[in-house]
Every structure is written in C-alpha cells, then in structure tokens.
Amino acid sequence: MNYDQLSLLPYCQGVMNEALRLFPPVVIIPKLCTADTTLTVPPSSSLPSSSSSSSFRIPKGANVFLHIYALHRNPKHYVEPNAFKPRRWKAGGKGGGKEGGEMEQCVGVDIDYFAFVPFSLGERSCLGRKFGQITVIATLALLLQR
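The number in this note's numbering is simply the position in the sequence shown, starting from 1, with 22 added.
The following block contains the structure:
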C-alpha cells in the first residue's frame, strides 16, 4: 500500500469521519473573543418559542467555548445525527472556509464547512490532522485486508 492508494478507500474515510463526528477527540474548544462581536442566531423550527432571530453581544476579551460534541450531533447538519452511518460521507467534495481545501460532504447534502471540526479549523487547528487521518485509514485498510 502507498499514499496514493489511500484516497481509493472512501468507505474507510467514511468510517473515520463518522467515528470523529460521533466521538470527537476534543469535545469543547476554548476561544478568546478578540473584538466586540454580535452573534445572531436564526429562529429554530424545533423550538416553538423561537419565532424570530436572537442577537447576543459578545464583548472583546470574553471566553467562548465551542461545543463540538453538540455541533456534530445537530440534526440541522446531519440526518439521524446519533446513528453511525459511514456511507453518509463521500470524499472529494469542495469545502469553503479560509483553508479552501478538500472537505467531505454528506451524500445528497452538502455539509456546512464549519459543522465538522474534529481537529478545529484555521491557523490554530491540529498540526497532526493529516498524519492522524492517514494513520487511521491505513490501519483500517490493513485490518480489513487481513
């Protein structure tokens, strides 16, 4: 097996993505707000009391915690969010965001680029992301081969 062959294993990639989605390595990511910000939350169809959008002011210097576990299980982003479905992923979809790299997509539905962040995003994301992904896919492939 070589590096180029790993991209030919979309089901192994799907298994890895689903495992990372359901059981992220880090469940909460702390951030520091560097400027006064207003966060607008659109109305939710799941909450009857939420018929209009809500705005929250986040002052500069405030600590903000991104709850990755909840984000990855949000039904707004994933159909049957608590089910383990490796086939929901397809490799090679284009993602947005600042990194502009390849991003996986749910079959039939494009995932919001920021709705799958097991390694965080941006300039402070996990340095070992690619190494970890390659290791997992190669290990799965070798286990299945044997």
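No residue lacks a Cβ here, since even glycine has one placed at the ideal position from N, Cα and C.
Just to confirm, are Arg79 and Thr60 a CB contact at a threshold of 7 Å?
Reading the sequence shown from its first residue, position 57 is the one you call residue 79. Reading the sequence shown from its first residue, position 38 is the one you call residue 60. Yes, they are a contact pair.
Just the Cα atoms here: how many angstroms apart are Ala84 and Ser29?
The residue you call residue 84 lines up with position 62 of the sequence shown. The residue you call residue 29 lines up with position 7 of the sequence shown. So the two alpha carbons sit approximately 41 Å from each other.
Given a cut-off of 7 Å on the beta-carbon distance, is the pair Pro108 and Gly154 in contact?
Looking up residue 108 in the sequence shown gives position 86. Looking up residue 154 in the sequence shown gives position 132. Result no, Cβ atoms of Pro108 and Gly154 do not sit closer than 7 Å.
Pairing CB atoms from the stretch 85-96 with CB atoms from the stretch 41-53, are three or more of them under 8 Å?
yes
Sort out for me which residues DSSP pairs Arg54 with in a bridge.
Here residue 54 is taken as the residue at index 32 of the sequence shown, counted from 1. Note on identity: in this sequence residue 54 is Leu, with Arg being the wrong assignment. Per DSSP, Asn85.
According to DSSP, is Arg151 part of a helix, a strand, or is it coil?
Counting from one through the sequence shown, the residue named residue 151 turns up at place 129. In the structure shown, Arg151 sits in a helix (DSSP, three-state: H, G or I).
Taking DSSP's pairing of strands, which residues face Arg79 in a bridge?
The residue you call residue 79 lines up with position 57 of the sequence shown. Paired residue(s): Thr60.
Pair within 7 Å by beta-carbon distance, Ala41 and Lys82:
Stepping through the sequence shown from its first residue, residue 41 is reached at position 19. Stepping through the sequence shown from its first residue, residue 82 is reached at position 60. Going by C-beta atoms, Ala41 is not nearer than 7 Å to Lys82.
Nearest-angstrom Cα separation, counted from Lys98 out to Leu165:
Position 143 of the sequence shown, counted from the start, is the residue given in the question as residue 165. Position 76 of the sequence shown, counted from the start, is the residue given in the question as residue 98. Each residue's alpha carbon lies about 34 Å from the other.
Buried or exposed by the 16-neighbour rule on C-beta atoms within 10 Å, applied to Tyr135:
Along the sequence shown, read from residue 1 onward, the residue named residue 135 stands at position 113. Under this definition Tyr135 is a buried residue.
Cβ-based burial, Val101 [other Cβ within 10 Å; buried from 16]:
Along the sequence shown, read from residue 1 onward, the residue named residue 101 stands at position 79. Exposed, by the Cβ-count rule.
So, helix, strand or coil for Gly117, using DSSP?
The sequence position of residue 117 within the sequence shown is 95, counting from 1. A caution first: Gly117 carries a pLDDT of 33, below 50, which makes its placement in the model too unreliable to give a value.
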